[in-house]
Ligand SMILES: [Fe+2]
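In the numbering used here, the protein residues as written are 30 to 218.
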């Protein structure tokens, strides 16, 4: 017989969904900063599309959290207390950290091309972290019999994997621009 989801199960699932929600909020801010600084048109398009996806994911996670008994806008629920006790950054802290990091990210690097390369490399590992979040949520929700959460996590994971693949495809193009602007590689005619 499949496992019936209990209040205790919902609380442990909500803990991980809250963390994914905090990560998405952080990336919503980071993506906006990266869009403002993106030079390569294909990168700009991918980032704009992913910002839209990220905003929808945030809304869907919030609906899921309220169904799990967590209100992201109100008083802290049990999972938020667990999150705070574990010393993890809260949603608000994640967001302000991302806001602080945005302009710094835009100014680093030895050239605009090198800066772009570094931003894309950061985006890539952020996607990897999100994929891991959703893999955990999908697995624990399946183990604890919460099909809607497992389904949502799978959908989000697939969206992050698609973004990661796009970034991976763009990396050689961006790297070539660094080779041309910082090295002596002749520009492609
Ligand atoms: Fe993402």
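Backbone N, C-alpha and C fix where the C-beta goes; we use that ideal spot for every residue, glycine too.
Leaving aside the five residues that flank residue 167 on each side, the residues in its chain whose CB is nearer than 6 Å to its CB run, in chain order, 179, 182, 183. Counting the other CB atoms within 10 Å of its CB gives residue 78 a total below 16, which places it among the exposed residues. Between residue 75 and residue 195, the C-beta spacing is below 8 Å. Residue nearest to residue 204 within the set 145, 165, 92 is 145 (criterion: CA-CA distance). Taking the Cα of residue 55 as reference, the smallest distance to any Cα among 72, 215, 158, 175 is reached at 158. Apart from the 5 residues on each side of it in sequence, residue 64 sits with its Cβ closer than 8 Å to the Cβ of 73, 76, 77, 80 in its chain, given in chain order.
Proximity to residue 88 across 66, 67, 139, 57 peaks at 57, based on C-alpha coordinates. DSSP, read as helix, strand or coil, puts residue 92 in helix. Taken atom to atom, the span from the alpha-carbon of residue 67 to that of residue 209 is near 18 Å. Shortest Cα-Cα distance from residue 37 to any of 141, 98, 165 involves 98. In the DSSP assignment, residue 32 falls outside any alpha helix (DSSP H), carrying neither H nor E. Here residue 212 is exposed. Its C-beta has fewer than 16 other C-beta atoms within 10 Å. Where residue 67 is concerned, there is no enclosing alpha helix (DSSP H), because DSSP gives it neither an H nor an E. In the three-state reduction of the DSSP assignment, residue 137 falls in the coil class. The beta carbon of residue 139 is closer than 7 Å to those of 211 in its chain, skipping five residues each way along the sequence.
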